[in-house]
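As you go down the protein sequences, you meet chains A and B in turn. The end of the first sequence is residue 181 by the working numbering, with every number in the run present. The end of the second sequence is residue 401 by the working numbering, with every number in the run present.
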Amino acid sequence: MSAEIENSPVPQQEAATLPFLTTSLDAVINWGRSNSLWPFPFATACCAIEFMSLMSARYDFARFGTEFMRFTPRQSDLLMIMGTVTYKQAPILRRIYEQMSAPRWVIAVGACASSGGFYDSYCTVPGIDHIIPVDVFIAGCPPRPEAYIEAAVQLQEKIKDESFLTERLARLRDRGEDLPS
Amino acid sequence: MKTLGTDYTKALVPATAADISCAQQSTFDWLASRFPLDQDPLAKLSTSAIVRREDLHEVVQALRDTPEFAYDMLIDIIGIDYLNYPGHQGPRFAVTYLFKSMRFAAHRFQLKVLVDEEDLVVPSLHDLFHIANWAEREVWDLFGIRFEGHPNMKRLLNHFEFVGHPLRKDYPAQKRQWLSTNDPLLDQLEARLRENGMELIDPIPLNTPAVEDVIKGSRR
Ligand code: SF4
């Protein structure tokens with residue numbers, strides 16, 4: 001937000017003493033969203049073991065604002081898919097994604113979730129992007145906890161690029177409301 | 182050499198390969214004196230018997246209940262598809278039963294039933310061994326061999342919308358099938374809860390969907 005302060009019409013010296021600051025709505029919303037991601041762990045296989053070490057004290061994922069695991073999709077906005085997803089599991093995953101309310105993001109963790117991994121067979125989904133949209137893929141089998149952290153940081157960058165107002169406008173247009181362009 | 186009926190539970194002596202093959206030979210000879218049997222030419226490492234389908238139930242019961250054999254553990258039931266198998270003649274499918282004795286460590290035995298493609302039915306063993314219930318469902322799921330008299334001949338691993346039997350050699354291994362809904366798999370659990378006197382206040386509808394549901398897509 002410092003950039004906004006610098007560009008503000010109020011001289012900087014003066015702005016520093018004022019009891020308020022000006023910024024854009026998007027900047028505030030994205031700042032809040034990106035630093036308070038609530039993950040929902042969709043853990044089906046071995047990648048989830050690495051996730052346990054990620055959440056515990058040594059790697060401490062909570063440093064990045066992903067403080068709480070939420071075991072209901074309705075209270076979370078980050079879906080982390082860790083492990084192999086079979087075709088039998090696919091409708092369940094799809095339904096969990098649909099139960100999450102917007103805004104929602106998805107991280108596909110590991111080779112299996114990203115591409116099916118080495119399970120090239122009749123029962124494994126070759127990448128969960130066939131079922132739901134994915135924001136960040138993590139390579140590895142399993143990825144190291146550092147890779148999870150990098151994915152979270154990348155996702156935060158991505159969230160900071162989003163525009164709440166533009167999305168809202170698009171939603172209203174989709175609904176057929178007549179808006180000035 | 183220790184022979185048939187050596188009780189290993191007392192001495193804690195592990196069975197050697199020689200003990201095992203000796204016990205297999207004795208079991209085979211004993212069975213052959215009572216039932217029409219063939220020796221399995223494809224079993225290279227052990228003596229295994231091919232029994233007629235109609236004798237299967239009786240043979241297994243004899244193996245289980247004769248005290249000097251005591252084959253009281255059914256390890257697994259395995260389906261085999263011999264399509265394009267080098268040197269194989271005869272029916273395309275086979276079902277193999279693996280037995281072990283919990284009393285005599287050297288007692289391991291293998292039975293095989295040949296199943297013709299035209300008539301994919303084998304008698305069920307669920308009344309002799311509880312484990313046969315799921316093992317037979319698995320063979321049905323993966324090979325399409327039906328078990329006559331089985332109380333619940335449903336797929337075990339694959340989804341109920343899945344079409345085909347994936348471990349058959351002519352099933353395309355890379356063929357993908359999209360499924361529209363989840364498979365709750367709770368029918369047995371709920372039945373058991375009821376058996377134990379529980380009352381289910383909100384039972385999940387059983388996964389025998391109407392055809393229209395499957396065609397329409399997800400039942401949400
Ligand atoms: S990518 Fe590797 S570690 Fe992760 S679920 Fe698949 S097999 Fe397991």
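Every residue gets a Cβ at the ideal spot worked out from N, C-alpha and C, and that includes glycine.
query                                                                                                                                                                                           : result
Once you ignore the five residues that flank L212(B) on each side, which residues in its own chain have a CB closer than 7 Å to its CB?                                                         : L218, A230, V240
DSSP three-state label for P73(A), please.                                                                                                                                                      : helix
Return the bridge partner residues of E329(B) from the DSSP annotation.                                                                                                                         : P304(B)
Which same chain residues, not among the five before or five after R70(A), have their C-beta less than 6 Å away from its C-beta?                                                                : W38, F40, S76
Could you tell me which of F324(B), Q220(B), K225(B) sits nearest to R233(B), measuring between CA atoms?                                                                                       : Q220(B)
Quick one: does M1(A) have its CB under 8 Å from some CB of chain B?                                                                                                                            : Bear in mind that the predicted position of M1(A) carries a pLDDT of just 49, short of 50, making it unreliable; the figure below should be weighed with that in mind. False, the Cβ-Cβ gap to chain B never drops below 8 Å.
For chain A, is any of its Cβ atoms less than 8 Å away from the one on W359(B)?                                                                                                                 : yes
Using 8 Å for Cβ pairs, my map puts F42(A) next to L93(A). What's the rounded Cβ distance?                                                                                                      : 6 Å
Can you give the Cα-Cα distance for L264(B) and G345(B), rounded to whole angstroms?                                                                                                            : 16 Å
Starting from the C-beta of Q358(B), find all residues in its chain whose C-beta is less than 7 Å away, skip the five residues before and the five after it, and write them out in chain order. : F343, V344
Along chain A, which residues have their Cβ under 9 Å away from the Cβ of Q355(B)?                                                                                                              : D120, S121, Y122
Excluding the 5 residues flanking I154(B) on each side, which residues of the same chain have their C-beta closer than 7 Å to its C-beta?                                                       : Residue 154(B) lies beyond the residue range present for chain B, which begins at 182 and ends at 401; the question has no answer from this structure.
Just to confirm, does C123(A) get its C-beta within under 7 Å of one of the non-hydrogen atoms of the ligand SF4?                                                                               : no
Specify, as a first and last residue, the run of the beta strand (DSSP E) that L78(A) falls within.                                                                                             : 78-82
Establish whether the CB of I92(A) and some CB of chain B are separated by less than 8 Å.                                                                                                       : yes
What residues of chain A sit near P347(B), judged by a beta carbon separation below 9 Å?                                                                                                        : S121, Y122, C123
Name the one or two DSSP bridge partners that W38(A) has.                                                                                                                                       : For W38(A), which the question treats as bridged, DSSP gives no partner whatsoever.
Is Q89(A) buried or exposed, if buried means 16 or more other CB atoms sit within 10 Å of its CB?                                                                                               : buried
For the region 215-291 of chain B, list the beta strand (DSSP E) runs that are entirely contained and at least 3 residues long, ordered along the chain.                                        : 218-220, 229-232, 254-262, 274-281
Under 8 Å between C-beta atoms, does K88(A) make it to chain B?                                                                                                                                 : yes
Nearest to P365(B) by alpha carbon, out of R349(B), N339(B), F209(B)?                                                                                                                           : N339(B)
What are the boundary residues of the beta strand (DSSP E) that includes A108(A)?                                                                                                               : 105-109
Is C141(A) close to the ligand SF4? I mean its beta-carbon at under 7 Å from any heavy atom of the ligand.                                                                                      : yes
Applying a beta-carbon distance threshold of less than 8 Å, which residues of chain A neighbour H340(B)?                                                                                        : Y87, K88
By how many angstroms is the C-alpha of R95(A) removed from the C-alpha of D297(B)?                                                                                                             : 42 Å
Does D364(B) come within less than 8 Å of chain A when only Cβ atoms are used?                                                                                                                  : yes
Using DSSP's beta-bridge definition, name the partner residues of K293(B).                                                                                                                      : I231(B), T277(B)
Taking the straight line between their C-alpha atoms, what separation do you get for E162(A) and V28(A)?                                                                                        : 12 Å
Between R318(B) and chain C, is the shortest Cβ-Cβ distance under 8 Å, so that the two count as touching?                                                                                       : The structure shown has no chain C; the protein chains it does contain are A and B.
Taking the alpha-carbon positions, what's the D300(B) to T124(A) distance?                                                                                                                      : 31 Å
So, is D351(B) buried or exposed, given that buried needs 16 or more other C-beta atoms within 10 angstroms?                                                                                    : exposed
Since I believe Y119(A) is in contact with C112(A) (beta carbons under 8 Å), could you give me their beta-carbon distance rounded to a whole number of angstroms?                               : 7 Å
Can T86(A) be considered in contact with the ligand SF4, in the sense that its beta carbon sits closer than 7 Å to one or more heavy atoms?                                                     : no
I need the straight-line Cα distance from V276(B) to L370(B), nearest angstrom please.                                                                                                          : 28 Å
Quick one: grab the DSSP three-state call for T17(A).                                                                                                                                           : helix
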